[in-house]
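Input: a single structure, listed below in structure tokens.
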Amino acid sequence: MGASYHQFCPVAKAMELLDERWTLLIVRELVAGSCRFNDLRRGLPRMSPTLLSKRLQQLASAGVVERRPADGEVQYRLTPAGRELRPIVEAVGAWGVRWVGELGDADLDPKLLLWDMHRNIDHAAVPSGRTVVALSFPDVPAPHPRSWWLVIADGEADVCDEDPGHEVTVSLTAELRALVEVWRGDRTWAEVLRTGRLRVHGPEAVRRALPGWFTLSLFASVPRPPAAVPA
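Each step along the sequence shown adds one to the number in full-length UniProt numbering, with nothing skipped, and position 120 is 120.
What follows is the structure, encoded as structure tokens:
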């Protein structure tokens, strides 16, 4: 745990654990369903594996996370104490959407976007068989990958930054910021399509159905505050 605030206040005691850098984001990933170390890394692509291991150990020592052997590997699961953090994570996220809306270019990460998209798919809405969504972000600076693929089949989805070699069902070409704004609920699919910041290529029926394949971010439905009225 971090340095003590030396206060008896329960907020202070909780924050001795939770305000360590990355800690609450690890809890966010566990709440979202990640349980394997590599999956946690994909949801936290800019966190070092060493620091992730350290934070998981701290959470386990605090009784928030437990390690379980499963299928020949270690999985990380929230304990009852950890599961009580779900509404806190959701409340912090909702507050962030409402009051900290500004996104810098450094906040835009295609790897994190695709990882979040892959776990928010309405599999009942996706065509049967294998469905491949190819995404291209021409504005992403090198050396970061500009091309990504979502492979959806049998109720599961995988994210690839190399061509998996399957026939593509539908293709998207987008400004990264535009698709992030759609995913966060800041813009609608229709809005960014009209502006040309997002283009969809494929059969018309598939293009029309595509938005319904995704349930969007957990925070996309958070009501935004009314625009400030000039004095």
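Yeah, the Cβ is synthetic: ideal placement off N, Cα and C, and Gly gets one too. What you are looking at is a predicted structure, and each value in this text was computed from that prediction instead of being measured.
- Here DSSP, grouped into helix, strand and coil, assigns W189 to helix.
- Within the same chain, Cβ atoms closer than 7 Å to the Cβ of A94 are found at F219, V222, the five residues on either side in sequence being excluded.
- Its Cα nearest to that of A32, the residue N120 stands out among N120, A209, G165.
- Apart from the 5 residues on each side of it in sequence, A81 sits with its Cβ closer than 6 Å to the Cβ of G63, V64 in its chain, given in chain order.
- A contact is defined here as three or more CB-CB pairs under 8 Å, and the segment 142 to 159 fails this definition with respect to the segment 182 to 200.
- Distance between E102 and P225, taken at the CA atoms: about 14 Å.
- Per DSSP, L103 is not a residue of any beta strand (DSSP E), being assigned neither H nor E.
- Taking a 10 Å sphere around the C-beta of P87, we find fewer than 16 other C-beta atoms and assign the residue as exposed.
- For I26, the CB contacts under 6 Å within the same chain, skipping 5 residues up- and downstream, are R55 in chain order.
- DSSP, read as helix, strand or coil, puts E181 in helix.
- Linking A3 to E16 through their CA atoms gives a straight-line distance of about 6 Å.
- Here E73 is exposed: its Cβ has fewer than 16 other Cβ atoms, across all protein chains shown, within 10 Å.
- Proximity to D139 across L198, S34, R207, A60 peaks at L198, based on C-alpha coordinates.
- Judged by their CB atoms, L210 and V182 are not nearer to each other than the 7 Å cut-off.
- For R68, there is no enclosing alpha helix (DSSP H); the enclosing beta strand (DSSP E) covers residues 65 to 70.
- A125 carries a coil assignment under DSSP once its states are collapsed to helix, strand and coil.
- Take the alpha-carbon of Q57 and the one of T215: they are about 33 Å apart.
- Our two residues, V206 and S136, have alpha carbons roughly 18 Å apart in a direct line.
- Sorting Y5, L150, S61, L44 by C-alpha distance to the C-alpha of D107 places L44 at the top.
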